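Undergrad: Got a structure for you, written out below as structure tokens; questions coming shortly.
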Amino acid sequence: MKLLRFYYFTFLYHYRNKPESWVGDFRSVLLVELSICWLILSLWLLADPGFWSMGSWTKPLVLGVNIIILIILQRYLMNKGRSELIFQEFKSHQLNNQTNRAICWAIWAGSFILFIVSAALQ
1477 MKLLRFYYFT FLYHYRNKPE SWVGDFRSVL LVELSICWLI LSLWLLADPG
1527 FWSMGSWTKP LVLGVNIIIL IILQRYLMNK GRSELIFQEF KSHQLNNQTN
1577 RAICWAIWAG SFILFIVSAA LQ
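In terms of my numbering, the sequence shown opens at residue 1477 and continues consecutively.
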């Protein structure tokens, strides 16, 4: 779970100095949720190519999974000031360096690219 918190911290660190309207805590949780969802969907598409044949159930199912993951992550990463505690935990931690933060952004982008590639293969 420490790596998940650091993954969240990477986005939190990026949004920290943005204008107040950016709401960095929630945007950071949303980016973590999207990467998890993209990875789940990619693996699902690779394991079950008939995923899209579910027809009208596909979109509500994906939306439901997104909402469930988002609620769980919001409670684990943001609830009751946890985002500030996570920021303080990793602010001066040895994991917090430019290379590791770049790796986290690459994982985020890679999860999206993997989803696009697996969908294109179907």
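Cβ atoms here follow ideal geometry from the backbone N, Cα and C, with glycine treated the same way. Nothing here was measured: the structure is a model prediction, and the numbers come from that model.
Using 10 angstroms around the beta-carbon of residue 1509, count the other beta-carbons present and answer buried if the total reaches 16, otherwise exposed.
TA: Buried, by the Cβ-count rule.
Undergrad: Please go through the same chain and pick out, in chain order, the residues whose beta-carbon is closer than 8 Å to the beta-carbon of residue 1546, but skip the five residues on each side of it.
TA: Answer for residue 1546: 1505, 1506, 1509, listed in chain order.
Undergrad: For a test of the three-state rule: what should DSSP assign to residue 1550, helix, strand or coil?
TA: The answer is helix: DSSP assigns residue 1550 an H, G or I state.
Undergrad: From this set, 1579, 1521, 1562, which residue's C-alpha is nearest residue 1594's C-alpha?
TA: The residue with the shortest Cα to Cα distance from residue 1594 is 1521.
Undergrad: Is residue 1486 buried or exposed, if buried means 16 or more other CB atoms sit within 10 Å of its CB?
TA: Counting Cβ neighbours within 10 Å, residue 1486 comes out buried, since at least 16 surround it.
Undergrad: Residues in its own chain within less than 7 Å of residue 1589 by CB, not counting five upstream and five downstream?
TA: Excluding positions up to five away in sequence, the list is empty.
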